[in-house]
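Chains as they are written, first to last, in this note's numbering: chain A, 1 to 303; chain B, 1001 to 1437.
This is the structure in structure tokens:
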């Protein structure tokens, strides 16, 4: 049966270059622009007003000043998707933030407004960050362990390399877009770790299957065949993963968007890196083993 | 058991699960508890502060929790949940609170333990209530003057009197002993209320003059009651300072809006996934849509069971997790179908191809899912705050996905391969012609 074959492995140097450039760019952006951390990490308050017809950003700002907020000119006031306003201030005292909200509602002429106030105290962010880093470390170690046991350590190392690459790209995008880093974003990042591995595992499963009793082919060619064999699976699973996430991104509203942005970028990076990074890295590494080196010499002209 | 029986059994099990799930979750808005970010309310995290004299230990947290519980009771919030978070924090959730400001004020006040002469209370209804069932009676501020405050307490232990009954022993400092001695000498047979944050915890009667500060409180205490009273008294000796680490006030309108947006996003996602699956995989795509439906039903059934056990509430991050797992669930179907196509292309009969395809695809799925599960578990156990809701639905979703794949999708694919696919391969997105070469 005739099958169109795409020479993924032959183009591995292009992939490596692209990945390398993306990673370097991501790190550079992170270093230069830095990340903007949400109030969950540094303390502060977010007040949301909804259904604020006829009220302008300036009105909100002067209401802030009237409510006694000292640096009201530095407060972030942004309109949200539903014709309301999201106001971010540095206030870390819950009671004061609540009072500010009430004063603002009164001076904006909306006494019936539902209170939507989130306040994060100082120092709490450190807790949240530490917990997230702990979760990240544990999850990485567990994933490395699982793949090492079920497959082999070379697969786990290359898979995790691809994953770090994906995570860096997500962070780079956050810095570039100036999006706020929130605990939700960290959660999404952690999930991407698992998710980006989904495709990698699907490819590795096939490579492992084909590597058994490999005698008539170079390891690199076998890897390429494996990817071609599961090409539709790779494309379709990636597509299906991203559809619901795009749904969240476009229709999900404030909180859900937060998850979706990190996930959308991460999923795309993950789908790419399973074929563009994890697989060729693994194949290059494996070809250094004496057994596959012999095959490489023997079938040097095969492709 | 032959394969036919096994298939039938699998289908019966999955059908029962689905029916049971529907019974559990219908009507859905009543059976699945909504989180605070959806139904509106107040959610705060209070963190105990370490001071130069006290480290935050488990015992300190016991006291902190008691103080918080006491305050929540005072707010009259019946549906409140109080939960430890990490080593030094307590999460309090008060659904549908009317005045967030009042609630915050009460929750954030400094703990105050007082000893009050009941007879001195300037409010007859309160005194009447105290004479019948004193525990939990609230004293109105300004209607009483305490004999002394809890600062005089230096320690509390649980012991037994000479009849073997449980008693709580309190020790006091010099000042306290003096005041207490003077008071008890002149007020024998008077009721003294032990009041924490304005709520009476216990109101024993003075049996005799207590000189030297060592007081024994007797009564028909159960060990739990005694422990509670001991903790109450200790809040006086070692006050715990609680600070708000996080407070979220969500109005009911905003919550409802967010839920609607989330559901809409989810439905759009499902619609596109199903459309793609049916267009690409034809008959098998319809099968995956049914599998997705079963997946959703069982998922909601499970959430309803957890809600009934008070172990779950659906938050916005939870909805994000739920929507994300739509992709996970559909992916499993894709792995099975693609493998089937591939095996058929090598010239196997549909029947043998289906068997091998299901086995291989599910093995791949398990590996891929376990890895996602690992990150979800790490997130659930080690992260703090709302993201745990996300990790939770993700975990459940992955497990239910595997159950549906094994008991339903895989079984139906094998059954279809026995005949229907063979008769009309095109209907199932397969290439026509006899494959049994």
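Idealized CB from N, CA, C, for every residue including glycine.
In this text the structure is predicted, and so the values were computed from the model without any measurement.
Residue i - DSSP class collapsed to helix/strand/coil
| i | result |
| --- | --- |
| residue 278 of chain A | helix |
| residue 1243 of chain B | strand |
| residue 92 of chain A | coil |
| residue 1002 of chain B | coil |
| residue 1087 of chain B | coil |
| residue 173 of chain A | helix |
| residue 229 of chain A | helix |
| residue 1155 of chain B | strand |
| residue 212 of chain A | coil |
| residue 1196 of chain B | strand |
| residue 1115 of chain B | strand |
| residue 5 of chain A | coil |
| residue 134 of chain A | helix |
| residue 1041 of chain B | strand |
| residue 44 of chain A | strand |
| residue 218 of chain A | coil |
| residue 87 of chain A | strand |
| residue 180 of chain A | strand |
| residue 1418 of chain B | coil |
| residue 37 of chain A | strand |
| residue 1430 of chain B | coil |
Residue i burial status per 10 Å Cβ neighbour count (16 or more: buried)
| i | result |
| --- | --- |
| residue 116 of chain A | buried |
| residue 1388 of chain B | buried |
| residue 124 of chain A | buried |
| residue 127 of chain A | buried |
| residue 1205 of chain B | exposed |
| residue 236 of chain A | buried |
| residue 241 of chain A | buried |
| residue 174 of chain A | buried |
Residue-level contact to chain A via CB, residue i, 8 Å cutoff
| i | result |
| --- | --- |
| residue 1364 of chain B | yes |
| residue 1436 of chain B | Confidence in residue 1436 of chain B is poor, its pLDDT being 40 and thus under 50, which makes the residue's placement unreliable; the coordinate value appears in the next sentence. For residue 1436 of chain B, the answer is no, since every Cβ of chain A falls outside 8 Å of its Cβ. |
| residue 1057 of chain B | no |
| residue 1433 of chain B | For residue 1433 of chain B, the predicted structure reports a pLDDT of 45, less than 50, and the residue's modelled location is therefore unreliable. A value from the coordinates is still provided. Judged by the 8 Å Cβ criterion, residue 1433 of chain B is not in contact with chain A. |
| residue 1394 of chain B | yes |
| residue 1101 of chain B | yes |
| residue 1405 of chain B | no |
| residue 1327 of chain B | yes |
| residue 1372 of chain B | yes |
| residue 1050 of chain B | no |
Neighbourhood of residue i by C-beta distance below 8 Å, restricted to the same chain and skipping five residues each side
| i | result |
| --- | --- |
| residue 1160 of chain B | 1166 and 1167 |
| residue 84 of chain A | 48, 49, 50, 51 and 52 |
| residue 1272 of chain B | none |
6 Å CB neighbourhood of residue i in its chain, flanking five on each side removed
| i | result |
| --- | --- |
| residue 188 of chain A | 259, 262 and 263 |
| residue 269 of chain A | 166 and 169 |
| residue 184 of chain A | 258 and 259 |
| residue 1116 of chain B | 1144, 1146, 1193 and 1195 |
| residue 26 of chain A | 168, 169 and 172 |
| residue 1047 of chain B | 1088, 1089, 1243 and 1245 |
| residue 99 of chain A | none |
| residue 1285 of chain B | 1277 and 1278 |
CB contact below 8 Å: residue i versus chain B
| i | result |
| --- | --- |
| residue 95 of chain A | yes |
| residue 205 of chain A | yes |
| residue 124 of chain A | yes |
| residue 109 of chain A | no |
| residue 138 of chain A | yes |
| residue 172 of chain A | no |
| residue 166 of chain A | no |
| residue 210 of chain A | no |
| residue 121 of chain A | yes |
| residue 305 of chain A | Only positions 1 to 303 of chain A appear in this structure, which leaves residue 305 of chain A out of reach. |
| residue 106 of chain A | no |
Where residue i meets chain E, residues with beta-carbon distance less than 9 Å
| i | result |
| --- | --- |
| residue 1390 of chain B | Included in the structure are the protein chains A and B, with no chain E among them. |
Cβ shell of residue i (< 7 Å), same chain only, five flanking positions each side left out
| i | result |
| --- | --- |
| residue 1323 of chain B | 1265, 1266 and 1269 |
Residue i beta carbon near the ligand MN (any heavy atom closer than 7 Å)
| i | result |
| --- | --- |
| residue 1045 of chain B | The ligand MN is absent from the structure shown, which contains no ligand whatsoever. |
- Listed in chain order, which residues of the stretch 146 to 162 of chain A have Cβ atoms closer than 9 Å to some Cβ of chain B? Going along the stretch 146 to 162 of chain A in chain order, one finds 146, 147, 150, 151 and 159 with a Cβ nearer than 9 Å to chain B.
- Task: Compile a chain-ordered list of the residues in the stretch 217 to 248 of chain A whose CB is closer than 8 Å to at least one CB of chain B.
- Result: So the list reads 229, 230, 232, 233, 236, 237, 239, 240, 241, 242, 243, 244, 245, 246, 247 and 248, given in the order they occur along the chain.
- Please list the residues of the stretch 183 to 203 of chain A that have a C-beta atom closer than 9 Å to any C-beta atom in chain B, keeping them in chain order. Of all residues in the stretch 183 to 203 of chain A, only 183, 184, 186, 187, 188, 190, 191, 192, 193, 194, 195, 197, 198, 199, 200, 201 and 202 place a beta-carbon less than 9 Å from a beta-carbon of chain B.
- the stretch 1240 to 1258 of chain B: which residues have C-beta closer than 7 Å to a C-beta of chain A, in chain order? Flagged, chain order: 1243, 1244, 1245, 1246, 1247, 1248, 1249, 1250, 1251, 1252, 1253, 1254, 1257 and 1258.
- Query: Can you list, in chain order, the residues of the stretch 1342 to 1356 of chain B whose Cβ is nearer than 8 Å to any Cβ on chain A?
  - Reply: The residues in question are 1342 and 1345.
- Which residues, in chain order, does the stretch 1419 to 1432 of chain B contribute to contact with chain A at a C-beta distance below 7 Å? Using a CB distance below 7 Å, no part of the stretch 1419 to 1432 of chain B faces chain A.
- Query: Listed from N- to C-terminal order along the chain, which residues in the stretch 67 to 92 of chain A have their beta-carbon within a distance smaller than 7 Å of any beta-carbon of chain B?
  - Reply: Of all residues in the stretch 67 to 92 of chain A, the ones placed with a Cβ closer than 7 Å to any Cβ belonging to chain B are 82, in chain order.
- Between the stretch 1155 to 1185 of chain B and chain A, which residues of the former have a C-beta closer than 9 Å to a C-beta of the latter? Residues of the stretch 1155 to 1185 of chain B that bring their beta carbon within less than 9 Å of a beta carbon in chain A are absent altogether.
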